[in-house]
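These protein sequence lines are chains G and X, in that order.
Quick note on numbering: the numbering used here labels position 75 of the first sequence as 76, and the sequence is numbered without any gaps.
Quick note on numbering: the numbering used here labels position 2 of the second sequence as 543, and the sequence is numbered without any gaps.
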Amino acid sequence: MSPLEFTLTLLGISVGAGFLGSLGGGVVVVPAVTLLYGIDIRYAIGASIVSVIATSSGAAAAYVKERLTNLRVAMLLELGTTTGAVSGAFIAGIIHSRWLFVIFGLALAFSGVAMLRRSQRRREAVPPDRWADRLRLHGSYFDEVRGREVAYRVTHTRLGLFLMYIAGLISGLLGIGSGVFKVPAMDLGMRIPIKVSSATSNFMIGVTAAASAGVYFVRGDIDPFIAAPVATGVVMGALAGSRVLPRTDSRLLRLVFVLVLLVISVQMVWKGLR
Amino acid sequence: MSPLEKKTKTRTTDEPVGRFELIISELLRLGVTLSLATILVGLGLMFAHHPDYLRSSADLSRLTSPGAALPHSLRDVIEGVRVWRGQAVVALGLTMLILTPILRVAVSIIAFAIERDRVFVAVTSAVLAVLLISFVLGKVG
Chain G
2 MSPLEFTLTL LGISVGAGFL GSLGGGVVVV PAVTLLYGID IRYAIGASIV
52 SVIATSSGAA AAYVKERLTN LRVAMLLELG TTTGAVSGAF IAGIIHSRWL
102 FVIFGLALAF SGVAMLRRSQ RRREAVPPDR WADRLRLHGS YFDEVRGREV
152 AYRVTHTRLG LFLMYIAGLI SGLLGIGSGV FKVPAMDLGM RIPIKVSSAT
202 SNFMIGVTAA ASAGVYFVRG DIDPFIAAPV ATGVVMGALA GSRVLPRTDS
252 RLLRLVFVLV LLVISVQMVW KGLR
Chain X
542 MSPLEKKTKT RTTDEPVGRF ELIISELLRL GVTLSLATIL VGLGLMFAHH
592 PDYLRSSADL SRLTSPGAAL PHSLRDVIEG VRVWRGQAVV ALGLTMLILT
642 PILRVAVSII AFAIERDRVF VAVTSAVLAV LLISFVLGKV G
């Protein structure tokens, strides 16, 4: 394969991954690069983390405009995600790459299962939390379905911070956005409404990814020749996807995508253990 | 503070921090666009300087395998960009991309300072510190 063929095919794959981004397509970049081209997984992760920064920073403006993002919660939880991300990126540099394959495979399987599960609305009262009060984390957002401003209270702040450290660690270790771990932590753990959780998670992803990208870059694990087509391709795909996907019935697409994720997950674990 | 005022206070875009963030978010989008444009220019330069990349498959493994001398410090990047090395121009774009969220955090500190919110000035400063430490940790790991 010539370098030109490599660039063009990788660009195509990245556009596809970006297109499925709203379904969690970012997670297929690393498997594609490692399984199809046989490239070192650390270089694949380095390229992927850069594309995560690009898509998150590009999308954040829309969410902030809709006033869905809880900026105070985001800033506070970034303490957890960034320290986690730096730890994860550090660990990725010292463990054997076979374990990166195995952990990646398991994270993919988890993502697949999480996409099928429906989030359940709990009705019981939100337990009071001294930390959330003191840091003034509670907020409100405009609910389009109900047509009015909905106030919400935040709880379990310290648990949230801990879970964000774990989410950041996975993000830094595997080069993924790991929104699939952040959103349930905020939604189920801190009892933040799902829409606010998603927007706030997206807001944090860029800053989180920057923390681990710094480690990868200085370590020399971001190869410009791999990262260039991946970053530009994913952003192009994400732009197209955000226009098309919300208008399609994504249930079947989602099911197919979950099956693909599970197949890739098995391949990654297999490659790691072989 | 009356309950009504309290409610308004939680509305994100009404706070200085919210308005600041909206401007920053738009700037970030511009930053991402500029970074990606730089990356594409660099990629173009790589192919322009090495016409054999279009056909020969001899170079691919050198370009994508560990052990390749990648630009991974600011000095590498600047020195390479000065002689229009494609790889270094791509690395410049990647550096800009990594720096955009870091810039956002730095500006958020100012927004919280204007709000006189000392706790969140501290929280955001700590996040910035972690981000800056990451560049040092990469050298160690």
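Cβ atoms here follow ideal geometry from the backbone N, Cα and C, with glycine treated the same way.
The model shown is predicted, which means the values in this text are computed figures rather than measured ones.
Those residues which DSSP pairs with residue i across a bridge
i             : result
residue 140/G : 153/G
First through last residue of the alpha helix (DSSP H) which encompasses residue i
i             : result
residue 82/G  : 72-95
residue 36/G  : Premise fails: residue 36/G is in no alpha helix (DSSP H) and is neither H nor E.
residue 131/G : 131-135
residue 116/G : 98-117
residue 13/G  : 4-20
Distance, residue j Cα to residue i Cα
i             : j             : result
residue 133/G : residue 127/G : 12 Å
residue 159/G : residue 29/G  : 32 Å
residue 20/G  : residue 202/G : 19 Å
residue 187/G : residue 666/X : 23 Å
residue 135/G : residue 270/G : 44 Å
residue 163/G : residue 636/X : 29 Å
residue 238/G : residue 46/G  : 19 Å
residue 241/G : residue 262/G : 21 Å
residue 668/X : residue 2/G   : 43 Å
residue 149/G : residue 653/X : 28 Å
residue 110/G : residue 100/G : 15 Å
residue 273/G : residue 264/G : 14 Å
residue 78/G  : residue 596/X : 49 Å
residue 131/G : residue 211/G : 31 Å
residue 245/G : residue 574/X : 21 Å
residue 662/X : residue 137/G : 14 Å
residue 634/X : residue 611/X : 14 Å
residue 97/G  : residue 606/X : 16 Å
residue 584/X : residue 7/G   : 12 Å
residue 53/G  : residue 209/G : 10 Å
residue 617/X : residue 147/G : 55 Å
residue 554/X : residue 155/G : Confidence at residue 554/X is low in this model, with a pLDDT of 46, below 50, so its placement is unreliable and the value that follows should be read with caution. In a straight line, the C-alpha of residue 554/X is about 19 Å away from that of residue 155/G.
residue 9/G   : residue 651/X : 43 Å
residue 655/X : residue 664/X : 15 Å
residue 17/G  : residue 671/X : 33 Å
residue 620/X : residue 51/G  : 22 Å
residue 189/G : residue 22/G  : 23 Å
residue 266/G : residue 31/G  : 11 Å
residue 604/X : residue 157/G : 48 Å
residue 64/G  : residue 204/G : 8 Å
residue 638/X : residue 49/G  : 13 Å
residue 648/X : residue 660/X : 16 Å
residue 81/G  : residue 166/G : 4 Å
residue 95/G  : residue 75/G  : 30 Å
residue 598/X : residue 11/G  : 15 Å
residue 614/X : residue 152/G : 47 Å
residue 253/G : residue 259/G : 10 Å
residue 14/G  : residue 125/G : 45 Å
residue 115/G : residue 198/G : 15 Å
residue 4/G   : residue 576/X : 22 Å
residue 644/X : residue 275/G : 43 Å
- request: Enumerate, from N- to C-terminal direction, the unbroken alpha helix (DSSP H) stretches of 4 or more residues contained entirely within the segment 588-657 of chain X.
  value: Here the runs fully enclosed are 601-605, 615-623 and 627-655.
message: Using 8 Å as the cut-off, can you tell me whether the segment 560-576 of chain X makes contact with the segment 44-61 of chain G, which would need three or more C-beta pairs spanning the two stretches below that distance?
response: Yes: at least three Cβ pairs fall under 8 Å.
message: Count Cβ pairs between the segment 209-224 of chain G and the segment 656-676 of chain X that sit closer than 8 Å; are there 3 or more?
response: Result yes; three or more Cβ-Cβ pairs closer than 8 Å.
message: Quick check for students: name the residue ranges of the alpha helix (DSSP H) that lie wholly in the segment 152-181 of chain G, counting only runs of 4 or more.
response: List check, alpha helix (DSSP H) in window: 158-175.
task: Mind the definition here: the segment 618-627 of chain X touches the segment 580-600 of chain X only if three or more C-beta pairs lie below 8 Å; say whether that holds.
output: The segment 618-627 of chain X is in contact with the segment 580-600 of chain X.
- prompt: Within the chosen definition, does the segment 165-175 of chain G reach the segment 81-101 of chain G through at least 3 CB pairs nearer than 8 Å?
  reply: Taking one beta carbon from each stretch, the segment 165-175 of chain G and the segment 81-101 of chain G have 3 or more pairs nearer than 8 Å; the two touch.
- prompt: What beta strand (DSSP E) runs, 3 residues minimum, are completely inside the segment 187-241 of chain G?
  reply: With a minimum length of 3 residues, there is no unbroken run of beta strand (DSSP E) contained wholly in the segment 187-241 of chain G.
- prompt: Between the segment 190-201 of chain G and the segment 220-234 of chain G, do at least 3 Cβ pairs fall closer than 8 Å?
  reply: At 8 Å Cβ cutoff, the stretches do not touch.
- prompt: Do the segment 34-44 of chain G and the segment 217-227 of chain G make contact, defined as three or more Cβ pairs closer than 8 Å?
  reply: Here the segment 34-44 of chain G lies against the segment 217-227 of chain G, with 3 or more beta-carbon pairs under 8 Å apart.
message: For the segment 62-72 of chain G against the segment 138-157 of chain G, do three or more pairs of beta-carbon atoms, one drawn from each stretch, fall closer than 8 Å, so that the two count as touching?
response: Touching, per the Cβ criterion.
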